[in-house]
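Participant: First, the structure itself, so that you have it in front of you.
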Amino acid sequence: MTSDTTDDAERTEQGAGAGRTAAAPADPPLPLHRNRDFRRLWVGQACSELGSGAAGLAYPLLVLALTGSPVQAGLVGTVRMAAGTLFGLPAGALVDRWNRRRVLIGCEALRACAAVGLVAAIIGSRASLPLILVVAVVEGGAGALFGPAQTAAVRHIVPAGQLPTAAARNEARGYAAELAGPPLGGALFAVARWAPFLADAISYVVSLIAVWLIRRPLRDEHPDQPEHPDRPEPLGRAVWSGLRFVVGEPFLRAVLVLAPLANAAFSGVLFVLVVVLLQRGTPPAAVGAVQSAIMVGGLLGALAAPWLQPRIRVQALIVGFLWVVAGLVAAAAFVPGSYPVAALLALAILPAPTLNAALVGYQIAVTPDRMQGRVDSAIGLLAQCLQPLAPLLGGLVVAWWGGRGGFLVFAGILAVAAVVASLSNGIRNLRPLSEVAPEVDHLPTGGASGPPGS
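So that you can map any letter, position 291 of the sequence shown is 891 in our numbering, and since no number is skipped, the others follow by simple counting.
This is the structure in structure tokens:
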């Protein structure tokens, strides 16, 4: 990894070269691994997501140890996710209104304090279900603010042409944390009940420091749109304007149709797989191993995404992915044995990180800076709107038509998404990122410069 001193020297050299003649072509941007602000944000979030993954498993373990009630253990997980969902839309509007740098730092500080409070309560034998629920709400609510603020910040850290690659690296980070977090949480909980929550608190502190070290401004400065206007737009109207922008932009409108279908289908397929495996007498430990094998496919796809993404046209990636995945899921309905089915589903999830990276990169590029938070929150919420129905639909289909019918139904949903993508003007008419986001290309070619921004 290149040192910050080297980054500064190269940036100075590039700046001097740019000043020699106004007609000289702009130097190409530095690769992401030499963009120190991106490195800081990436490493900080890797620690934060790993800590959150460890705590995510530790929450139900702690409640079970305190109460012995599976219902109360499930309640904590539901409350944690519900808080993020409920705060999602207003959080995006607030991110567009507030200082993004302070939002990122404040969210991490708040989550670290909540985790430390829970650690102190556990050590003092004062942990209770109400306290755990409060901490879960704080974590979920702060996460709802942090997510869109981070997405909006990436636009100012990474040049436009590198946005999909940056999103691909973030995908790899997320899959790795999802794989490593729960085992780490279980191991730490075996050492001490408070240990995974202390690790969670430390991870937030690391993320906070990483954000604090980013020197680049994290939002556009508009003379006619001060950061703190005397009469800010009402929150409800701000949320509505974000939704109107999403619906009015052809590419984002297509994503609103495709993402809910694809997400629900994937969730339904994984649920059907678990039910089918259990019906075949597969031990629960083996069921977990099959799921982990599928997630490894996602991790491998995320690692390959930075290489694949620049080599495949986005239109072909979206349409081809949906058709191929629909075929693989349909094939899983007719393959005997648990592990061949898992292998097919691992192949199906393999291209998903590359597709997600391309979609996120275009989403950031086509969205005005002043609406980044609202658009990210709106798409994040609406893309998951059908997902809660997937297990119910999967259970009904398996009860009526068996596991084969379950796989075929969700393969049909993916095929519908593939047809929509094939016919969508918003997908077919995508332009290069250099054309859709010229206003982002003014970013410096090196690391950060200038005073800390908003």
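Every residue gets a Cβ at the ideal spot worked out from N, C-alpha and C, and that includes glycine.
Suppose the cutoff is 8 Å on Cβ atoms and the five residues either side in sequence are ignored; what does the same chain contact list for L899 look like?
Facilitator: On the sequence shown, residue 899 is found 299 positions in, with the first residue counted as 1. Correct list, in chain order: A772, Y775, A776, L779.
Participant: Under a three-way DSSP split, which group does V935 fall into?
Facilitator: Here residue 935 corresponds to residue number 335 of the sequence shown, with the count starting at 1. V935: coil per DSSP, three-state reduction.
Participant: Could you give the DSSP three-state label for A727: helix, strand or coil?
Facilitator: Here the question's residue 727 lines up with position 127 in the sequence shown. Coil, per DSSP.
Participant: Count the other C-beta atoms from every protein chain shown that fall within 10 angstroms of the C-beta of H756, then say buried if there are 16 or more, exposed otherwise.
Facilitator: In the sequence shown, the residue the question calls residue 756 occupies position 156. Its Cβ being crowded by 16 or more others within 10 Å, H756 is buried.
Participant: Following the continuous alpha helix (DSSP H) through P796, name the residue where it begins and the one where it ends.
Facilitator: Here residue 796 refers to the residue found at position 196 of the sequence shown. Counting along the chain, the alpha helix (DSSP H) containing P796 begins and ends at 795-812.
Participant: Grouping DSSP H, G and I as helix and E and B as strand, with all else coil, what is N863?
Facilitator: Taking the first residue of the sequence shown as position 1, residue 863 is located at position 263. The answer is helix: DSSP assigns N863 an H, G or I state.
Participant: Roughly how many angstroms separate the alpha carbons of G960 and A767, rounded to a whole number?
Facilitator: The residue given as residue 960 occupies position 360 in the sequence shown. The residue given as residue 767 occupies position 167 in the sequence shown. The question names Gly, but residue 960 in the sequence shown is Val. Spanning the alpha carbons of V960 and A767 requires a straight line of approximately 6 Å.
Participant: Would a C-beta distance cut-off of 8 Å place V663 and I723 closer than the cut-off?
Facilitator: As a working mapping, residue 663 is identified with position 63 in the sequence shown. As a working mapping, residue 723 is identified with position 123 in the sequence shown. Result no, Cβ atoms of V663 and I723 do not sit closer than 8 Å.
Participant: For the alpha helix (DSSP H) that T667 lies in, which residues bound it at each end?
Facilitator: Position 67 of the sequence shown, counting from 1, holds the residue named residue 667. Run containing T667: 636-667, per the alpha helix (DSSP H) assignment.
Participant: Alpha carbon to alpha carbon, what distance is there between L657 and G651?
Facilitator: On the sequence shown, residue 651 is found 51 positions in, with the first residue counted as 1. On the sequence shown, residue 657 is found 57 positions in, with the first residue counted as 1. If you take the alpha carbons of G651 and L657, they lie about 10 Å apart.
Participant: Within a Cβ cutoff of 8 Å, which residues of the same chain sit near H822, ignoring the five residues on either side of it in sequence?
Facilitator: For the purposes of this step, residue 822 is taken as residue 222 along the sequence shown, with counting starting at 1. Caution is warranted here: a pLDDT of 49 is assigned to H822, below 50, making its placement in the model unreliable, and the coordinate value is therefore given only provisionally. Excluding residues within five positions, the ones whose Cβ falls inside 8 Å are R970.
Participant: Report yes if the CB atom of D976 is closer than 8 Å to the CB atom of G706, and no otherwise.
Facilitator: Position 376 of the sequence shown, counted from the start, is the residue given in the question as residue 976. Position 106 of the sequence shown, counted from the start, is the residue given in the question as residue 706. No, these two residues do not count as a Cβ contact at 8 Å.
Participant: Using CA atoms only, rank isn't needed, just tell me which of T685, S1024, I918, G1012 is closest to F746.
Facilitator: As a first step, residue 746 is located in the sequence shown; it is residue number 146 there, counting from the start. Checked all of T685, S1024, I918, G1012; the closest Cα to F746 is T685.
Participant: Nearest CA to the CA of A990: which residue from A1011, G980, R639, W840?
Facilitator: As a first step, residue 990 must be located in the sequence shown, where it is residue number 390. Among A1011, G980, R639, W840, the Cα nearest to that of A990 is on A1011.
Participant: Does the stretch 1014-1031 come close enough to the stretch 853-862 to have 3 or more Cβ pairs within less than 8 Å?
Facilitator: yes
Participant: Closer than 8 Å is the cut-off here; do at least three beta carbon pairs connect the stretch 707-726 with the stretch 791-800?
Facilitator: yes
Participant: Just confirm the distance between the C-beta atoms of S1024 and A790, as a whole number of angstroms; I'd bet it's less than 8 Å.
Facilitator: Within the sequence shown, numbered from 1, the residue matching residue 1024 stands at position 424. Within the sequence shown, numbered from 1, the residue matching residue 790 stands at position 190. Between A790 and S1024 the Cβ distance is about 50 Å, and since that is not below 8 Å, they are no contact.
Participant: Within 10 angstroms of its Cβ, does V1015 collect 16 or more other Cβ (buried), or is it exposed?
Facilitator: In the sequence shown, the residue the question calls residue 1015 occupies position 415. The displayed chain sequence assigns Ala, not Val, to residue 1015. Of the residues assessed, A1015 falls on the buried side of the cut-off, its CB having 16 or more other CB atoms within 10 angstroms.
Participant: Go through its chain and collect everything with a Cβ distance to Q825's Cβ below 7 Å, but skip five positions before and after it.
Facilitator: Walking along the sequence shown from the start, residue 825 turns up at place 225. Since pLDDT at Q825 reaches only 46, below the 50 mark, its modelled position is unreliable, and the value read off the structure follows with that caveat. By the criterion of a C-beta distance shorter than 7 Å, Q825 is surrounded in its chain by R970, once the five residues flanking it on both sides are discounted.
Participant: Over what stretch of residues does the alpha helix (DSSP H) that includes W698 continue unbroken?
Facilitator: Here residue 698 corresponds to residue number 98 of the sequence shown, with the count starting at 1. Counting along the chain, no alpha helix (DSSP H) covers W698, and no H or E run does either.
Participant: So, with DSSP's three-state summary, where would you put S841?
Facilitator: Residue mapping note: residue 841 aligns to position 241 of the sequence shown, counting from 1. Correct three-state label for S841: helix.
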